[in-house]
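The next block holds one structure in the form of structure tokens; read it before the comments.
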Amino acid sequence: MTNVSIKTEEVSKTFFALGTINNIRIPGSRNEKAADLAACRVAEIDDRMSAFKPESDIGRLSGNAGRHSQKLHDDTFRLLQKAVRFSHICGGAFDITIRPLVELWGINKKGSFIPSDAEIREALELVDYQSIQLDEESMSAYLEKPGQCVDLGGIAKGYAADEVRRILIENGVTSALINLGGNVAAVGNRPDGNPWKVGIQNPLAPTGQYLGVLSVTNRTVVTSGCNERFFIKDGVRYHHILDPRTGKPAQSRLLSVTAVCENSADADALTTAMFVLGPEKSLPLLYKADAEAIFIFNNLAVAVTKGLSNDFSLCRQGRAVIL
Ligand code: AMP
Ligand code: MG
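Mapping the sequence shown onto my numbering, position 190 (from 1) lands on 184, and the numbers just tick up by one.
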């Protein structure tokens, strides 16, 4: 699906890639070329990094698990390297070898299916980022265990958002808002000189109902939440962010967590890990990544880190707790 609208003073390009609907908005401009180039780059990233395409880098890498290593494109190799480095930093809460578990649970694909403990244990044996071998010289990767599969779903949209931002800036864009399936990145300010406003979704309400609004300039806003793909059975919410320690959907008292920082790939990996770890264990990660965060708890209470206290406002009465 591609839909380009050019008003006198705005380019807005909507397209499907990375399993989601994406939009690039360049107000005050007719720079359609920049939006086209950026959208092509997202499609290229999808072709290289999709776990669903057997011919993608990731498809081939997983297909050859336990057999031989796979030569990768530069960008796939670098993103794998970043993902593995981050897994070390967060103690494995973020783990791109999560795919066998993702397939087992099949959230949004298998109805309200809950796997048995034995099935979970079996899939968990394959979830181990430490068995990804990366060889910088040959730009190749190898998965040690037969059956292992990589899933960049927790980081690829962020990487793509960084690439879109880079391409827009290189093509002369000074003001834009990029939204890759809810993974937002801002270029500059709005054309009127004011910061971009990004709504923070109420995870228990229909899309577009916000709990708060964040002002951003030149930063990325990335959210991981239990409201994207889930089912509820016997009062329990089963969602798509899995805890590599238990093999089950993460239970960390959070409905969602949003990271705000410079680099969108960092923010993407960070939010997935923070959703698994919960707020207390997330604070050192935020500090290390020079990132700020918004935590929304199970009871819809909101806490934000100090650096956002001037940029975030709640839509309802009351105040967010400052961490
Ligand atoms: P996000 O919405 O960025 O938090 O990413 C969630 C997606 O990343 C899921 O749909 C899975 O494909 C994958 N995923 C789920 N759990 C993890 C995890 N613990 N570490 C890395 N990726 C994960
Ligand atoms: Mg993520």
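Beta carbons: idealized from backbone N, C-alpha and C, even for Gly. Predicted, not measured: the structure shown is a model, and the values here were computed from it.
| query | result |
| --- | --- |
| 4-residue-minimum alpha helix (DSSP H) runs that sit fully inside the region 254 to 282, ordered along the chain | 258 to 271 |
| C-beta neighbour in chain D for Thr240, strict 8 Å | This model lacks chain D altogether; it includes just one protein chain. |
| Run of the beta strand (DSSP E) containing Thr217, from where it starts to where it stops | Thr214 to Gly219 |
| Cβ-heavy atom distance, Pro238 to the ligand AMP, below 7 Å | yes |
| Chain-order list of residues whose beta-carbon lies under 6 Å from that of Ala267 (same chain, five-residue window excluded) | Cys84, Ala87 and Phe88 |
| Sequence-distant residues of its chain with Cβ nearer than 8 Å to Thr14 (five each side left out) | Lys151, Leu174, Gly175 and Gly176 |
| Secondary structure, beta strand (DSSP E): runs of 3+ residues fully inside the region 111 to 154 | 126 to 129 and 134 to 137 |
| Integer Cβ distance of Ile39 from Ala154, believed to fall under 8 Å | 5 Å |
| The ligand MG heavy atom lying under 7 Å from the CB of Asp40 | no |
| CA-to-CA distance, Thr168 to Ser160, given in whole angstroms | What sits at residue 160 in the sequence shown is Arg, not Ser. Whole-angstrom Cα-Cα distance: 11 Å. |
| Thr70: first and last residue of the uninterrupted alpha helix (DSSP H) it sits in | Asp68 to Ile83 |
| Near the ligand ZN: Thr265 beta-carbon under 7 Å from a heavy atom | For the structure depicted, the ligand ZN is absent and the ligand set comprises only the ligand AMP and the ligand MG. |
| Contacting residues, own chain, Cβ-Cβ under 7 Å from Ser307 (five flanking each side not counted) | Gly206 and Val207 |
| Host alpha helix (DSSP H) of Ser56 (start-end) | Asp51 to Gly57 |
| 8 Å contact criterion, which Val36 and Thr91 should meet: CB distance rounded | At roughly 24 Å, the Cβ-Cβ gap does not stay under 8 Å, so Val36 and Thr91 are not in contact. |
| C-beta atoms of Asn165 and Lys27 nearer than 8 Å | yes |
| Boundaries of the beta strand (DSSP E) in which Pro21 is found, first to last residue | Thr14 to Pro21 |
| Leu118 versus Gln311 - alpha carbon distance | 44 Å |
| Whether Gly254 touches Leu302 by CB criterion (8 Å) | The sequence given here has Val at residue 254, not Gly. Against a cut-off of 8 Å, the Cβ pair of Leu302 and Val254 comes out as a contact. |
| Minimum C-alpha distance to Cys34 - residue among Ala11, Leu146 and Phe225 | Ala11 |
| DSSP bridge partner residues for Arg231 (one or two, in chain order) | Ile226 |
| Cβ neighbours of Phe71 in the same chain (closer than 6 Å, five flanking residues each side left out) | Met133 |
| Alpha-carbon to alpha-carbon, Lys65 and Arg231 | 40 Å |
| C-alpha gap between Pro275 and Glu3, whole angstroms | Residue identity check: residue 275 is Lys in the sequence provided, not Pro. Cα to Cα, the separation comes out at about 45 Å. |
| Beta-bridge pairing of Trp190 - partner residues as DSSP gives them | Val210 |
| Closer than 7 Å: Val81 CB and nearest the ligand MG heavy atom | With the sequence shown as reference, residue 81 is identified as Ser, and Val is not the correct amino acid for it. Result no, Cβ not under 7 Å from the ligand MG. |
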